[in-house]
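Trainee: Plus 7 on top of the position in the sequence shown (first one is 1) and you've got the numbering used here.
Before we start, here is the structure in question, set down as structure tokens.
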Amino acid sequence: ATNSGITIEAALTRLGFFTSKYNYNDDRNWLDYGLESVEITGIQITNALQEFIPWSIVIENQVLPVADENGVLAIAVSDSSDAEVLDKLRFILNRKMKFQIADSSAIAAAIEKHYSEPTESVDSILWGQNEVLPYFYPGNVLVTSRDIITLWVARMVLTGLYNMGDVPFRHVCIHPKILDGFGQTMSKSKGNGVDPLDLIDKYGTDAVRFTIASFAGETQDVRLPVGYECPHCGHVIPQTLEHQKAVPGGGAKPRVKCAKCKQSAQYSSPWFEPDAGEPVARVVSERFEYGRNFCNKLWNAARFAMMNLEGYTPGPVFTLEVSSPSATAVSAVSNASPTTEPQHGSQSRGTQTSDLKLEDQWILSRLSHTAGEVTSMLGRYRFDEATRILRDFVWNEFCDWYLEMIKPRLRDEALKPIAQRVLVSVLDTIVRLLHPFAPFITEELWQRLNEIAPVRGLVDRTPTSGQSNSSDVGVRATAAPSVMLAPWPDVPTSWQNRDLERRFERLQETIVAVRNVRALYNIAPNTPI
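Right, dumping it as structure tokens:
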């Protein structure tokens, strides 16, 4: 049976094969040559490739590979004057190969069909165009699913090494395949695809993007169970296999019936378009509530922060030590007036970092660790880990702890300037780190933050400390007009304090334990324990 479930009958088809065991002039076949080159470049290929099976070709138009009496591979073509086909065949197999003439047609189409896998990296940038090919070959990264590692990726590497002398890409990012709720591959023939516009309308673009990114590093394929949201009462109707396979019959479109309100409605399907004016049950999936809830949390936290930035004035919290041009140590500035901004380049008298409130030191330490971990994960294409790290920091540390701890200071005129400056810098960095995963909400937050606090940063550079790095989030400067133009954040590692983080972990555990005891025994919040 095919993917559509329709029974088919077996039929004999004439096949030809390109085998890896034909020897060329140097007594090495393309596979052996490719594997040797791969080993030299340090790429490890599984043993399965060393047992490479011949590539089969459906002989639709008598395109026949043959070997002459000397064992040199040749191929039958219809017309020796067809230079384009000959050039393509020479590139695919061996540029010095011979050709035999045979009755055939549509050779180019057949070659494109059966050899797109190994030659994709070169065909896509036009083989033979000497000015274009060296510029684009090799590429940087190939993003693909693991089910075609052998069919495409390995063959592209081997043929690229043989024909070009270099691998076609430096990195291969393997991602899982998203299956339907029944574990089937989504396809047009099965009718089990999901319209992303339905999901975007329900959850938002950034929520869908963030959730999909959280799937990206899974080691197994991801199931995506969906349902239909009743347009009358909002109840979710689980999708069944019958819903996937249903097609219009007798002029009527298939419908789903809601178990809650007992009404029926047409629903979204790859097989048909609902009638105009009809209420439609759109596709939904609770898995995307993960991204929606996080985006809502981020938005509410940022809105709270901006509501408490009234009277914000930029100014230093740290100043670089001037002992050497490369100095990176910092000290807190507490002797300057909160509303008085030192002249740029002047050296302010500094006290110890401990003069900063502990919660400020803690959040800056956690911010530095988080930024470093996210940058590392993105460099390794671990997008799921990057989203998890960011979500944990924003939700569990920035929102649940830091914002709660600084609320009293934000209401105190004497204490709020430093709290506001730290809050603005942390929010600035969060927005930049999240931008690849939630571009729309982060751009909106960036624009609003620019209106309230266009100048941000905690550090004033001194004349002897060298030129400021525009990506260093600690340096006080005017923010970019768009987060898309802002540099990737480079948070100083000198902000990190492992001992303080461990102390805060113990404090958090104690507070959580006390809250659990109060909840277990129904103890009022104002009753001491």
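Glycine included, every Cβ here is placed at the ideal spot set by N, Cα and C.
#1: Ignoring anything shorter than 3 residues, give me the beta strand (DSSP E) runs that lie fully in the segment 200-288, in order along the chain.
#2: Could you check where the alpha helix (DSSP H) with V433 kicks off and where it finishes?
#3: Would you decide whether S378 is buried or exposed? Buried here means 16 or more other CB atoms lie within 10 Å of its CB.
#4: Suppose contacts are defined by Cβ-Cβ distances below 8 angstroms. Is V243 in contact with E249 by that definition?
#5: Could you give the distance in angstroms between the alpha-carbon of G234 and the alpha-carbon of D187?
#6: Measure the C-alpha to C-alpha separation of L434 and L492 and round it to an integer number of angstroms.
#7: I need the DSSP call for F176, collapsed to helix, strand or coil.
#8: Going by C-alpha to C-alpha distance, which of C406, A426, F405, D407 sits closest to P611?
#9: Does the segment 262-277 come within contact of the segment 224-231, defined as at least 3 CB pairs closer than 8 angstroms?
#10: Tell me which residue opens and which closes the beta strand (DSSP E) that D391 is part of.
#11: Using the three-state DSSP reduction, which class does A484 fall into: helix, strand or coil?
#12: Under the DSSP definition of a beta bridge, which residues are partnered with R463?
#13: Would you call the CB atoms of R505 and L465 closer than 8 angstroms?
#14: Can A445 and R162 be called in contact, C-beta distance under 8 angstroms?
#15: Name, in chain order, the residues that DSSP records as bridge partners for H182.
#16: From L305 to R299, what distance separates their C-alpha atoms?
#17: What does G146 pair with, by DSSP beta-bridge criteria?
#18: D173: which of L165, C180, V179 sits nearest, CA to CA?
#19: Do you know whose CA, among N403, T382, W402, lies nearest A393's CA?
#20: Let me know if L397 comes out buried or exposed under the rule of 16 or more other beta-carbons within 10 Å of its beta-carbon.
#21: Indicate the three-state DSSP secondary structure (helix, strand or coil) for T377 in the structure shown.
#22: If you run the structure through DSSP and keep just helix, strand and coil, what is Q350?
#23: Determine, using beta-carbon pairs with one atom in the segment 509-516 and one in the segment 382-391, whether at least three such pairs fall under 8 angstroms.
#24: May I ask you to report which of helix, strand or coil DSSP gives V521?
#25: Between L374, C406, I518, E380, which has its C-alpha nearest Q503's C-alpha?
#26: Compute the beta-carbon to beta-carbon distance between P141 and P175, rounded to the nearest angstrom, for a pair I have assumed lies under 8 angstroms.
#27: Taking DSSP as the reference, what is the three-state secondary structure of V291?
#28: Can you pull the DSSP bridge partners for T192?
#29: What does the alpha-carbon distance come out to for the pair D453 and F311?
#30: I'd like the list of long-range same chain contacts for C240, defined as Cβ closer than 6 angstroms, with 5 residues on each side in sequence excluded.
#31: Mapping the DSSP letters down to three states, classify D407 as helix, strand or coil.
#32: Given that a residue counts as buried once 16 or more other Cβ atoms are within 10 Å of its Cβ, and exposed if not, what is I155?
#33: Using three-state DSSP, classify D419 as helix, strand or coil.
#34: Alpha carbon to alpha carbon, how far is T449 from L441? Give it in angstroms, no decimals.
#35: Look at P238 and A288 and say whether their C-beta atoms are less than 8 angstroms apart.
#36: Give every residue of the same chain whose Cβ lies closer than 7 angstroms to the Cβ of T212, excluding the five residues on either side of it in the sequence, and list them in chain order.
Mentor: From the atom records:
#1: 229-231, 234-236, 243-245, 262-264, 271-274
#2: The residue given as residue 433 occupies position 426 in the sequence shown. Unbroken alpha helix (DSSP H) run through V433: 423-441.
#3: Counted from its first residue, the sequence shown places residue 378 at position 371. What sits at residue 378 in the sequence shown is Ala, not Ser. A378 is buried by the Cβ-count criterion.
#4: Here the question's residue 243 lines up with position 236 in the sequence shown. Here the question's residue 249 lines up with position 242 in the sequence shown. No, the pair does not count as a contact, with Cβ atoms beyond the cut-off.
#5: As a first step, residue 234 is located in the sequence shown; it is residue number 227 there, counting from the start. As a first step, residue 187 is located in the sequence shown; it is residue number 180 there, counting from the start. Approximately 11 angstroms between the Cα atoms of the pair.
#6: By one-based count along the sequence shown, residue 434 stands at place 427. By one-based count along the sequence shown, residue 492 stands at place 485. Rounded to the nearest angstrom, the two C-alpha atoms are 17 angstroms apart.
#7: Residue mapping note: residue 176 aligns to position 169 of the sequence shown, counting from 1. In this structure, F176 counts as strand in the three-state DSSP scheme.
#8: Summary: the structure shown does not reach residue 611, with the chain confined to residues 8 through 536, and so no result is reported for it.
#9: no
#10: Locating residue 391 in the sequence shown gives position 384, counting from the first residue. Here D391 belongs to no beta strand (DSSP E); instead the alpha helix (DSSP H) covers 390-398.
#11: Along the sequence shown, one-based indexing puts residue 484 at 477. Reduced to three states, the DSSP call for A484 is strand.
#12: To locate residue 463, count along the sequence shown from 1; it is residue 456. The partner list for R463 (beta bridge, DSSP) reads A484.
#13: One-based indexing of the sequence shown puts residue 505 at position 498. One-based indexing of the sequence shown puts residue 465 at position 458. Their beta carbons are not under 8 angstroms apart, which means R505 does not touch L465 by this criterion.
#14: The residue labelled residue 445 in the question sits at position 438 within the sequence shown. The residue labelled residue 162 in the question sits at position 155 within the sequence shown. No. Outside cutoff.
#15: Within the sequence shown, numbered from 1, the residue matching residue 182 stands at position 175. H182 is bridged to S152.
#16: Residue numbering aside, residue 305 sits at position 298 when the sequence shown is read from its first letter. Residue numbering aside, residue 299 sits at position 292 when the sequence shown is read from its first letter. Distance between the alpha carbons of L305 and R299: 10 angstroms.
#17: The sequence position of residue 146 within the sequence shown is 139, counting from 1. DSSP output for G146 lists F176 as bridge partner(s).
#18: Here residue 173 corresponds to residue number 166 of the sequence shown, with the count starting at 1. Per the Cα distances, L165.
#19: Here residue 393 is taken as the residue at index 386 of the sequence shown, counted from 1. Measuring from the Cα of A393, the nearest candidate turns out to be T382.
#20: As a working mapping, residue 397 is identified with position 390 in the sequence shown. Buried: at least 16 other Cβ atoms inside 10 Å.
#21: The count along the sequence shown starts at 1 and reaches residue 377 at position 370. It is helical.
#22: Within the sequence shown, numbered from 1, the residue matching residue 350 stands at position 343. Because the pLDDT at Q350 is just 34, under 50, the model does not fix this residue reliably, and the value given afterwards should be weighed accordingly. The answer is coil: DSSP assigns Q350 none of H, G, I, E or B.
#23: no
#24: Position 514 of the sequence shown, counting from 1, holds the residue named residue 521. Helix at V521.
#25: Taking the sequence shown and counting its residues from 1, the one referred to as residue 503 is at position 496. Measuring from the Cα of Q503, the nearest candidate turns out to be L374.
#26: For the purposes of this step, residue 141 is taken as the residue at position 134 of the sequence shown. For the purposes of this step, residue 175 is taken as the residue at position 168 of the sequence shown. Not a contact, Cβ separation roughly 13 angstroms.
#27: On the sequence shown, position 284 is the one that residue 291 refers to. Note: V291 maps to strand in three-state DSSP.
#28: Within the sequence shown, numbered from 1, the residue matching residue 192 stands at position 185. Per DSSP, L186.
#29: Reading the sequence shown from its first residue, position 446 is the one you call residue 453. Reading the sequence shown from its first residue, position 304 is the one you call residue 311. What sits at residue 453 in the sequence shown is Trp, not Asp. About 14 angstroms.
#30: As a working note, residue 240 is residue 233 in the sequence shown. Within the same chain, C240 has close Cβ partners K267, C268.
#31: Taking the first residue of the sequence shown as position 1, residue 407 is located at position 400. Of the three classes helix, strand and coil, the one that applies to D407 here is helix, per DSSP.
#32: As a position in the sequence shown, residue 155 is number 148, starting the count at 1. The residue is exposed, with fewer than 16 neighbouring Cβ atoms inside 10 Å.
#33: In the sequence shown, counting from the first residue as 1, residue 419 sits at position 412. In this structure, D419 counts as coil in the three-state DSSP scheme.
#34: Residue numbering aside, residue 441 sits at position 434 when the sequence shown is read from its first letter. Residue numbering aside, residue 449 sits at position 442 when the sequence shown is read from its first letter. Roughly 7 angstroms between the two C-alpha positions.
#35: Indexing the sequence shown from 1 puts residue 238 at position 231. Indexing the sequence shown from 1 puts residue 288 at position 281. A contact, by the Cβ cut-off of 8 angstroms.
#36: Position 205 of the sequence shown, counted from the start, is the residue given in the question as residue 212. F447.
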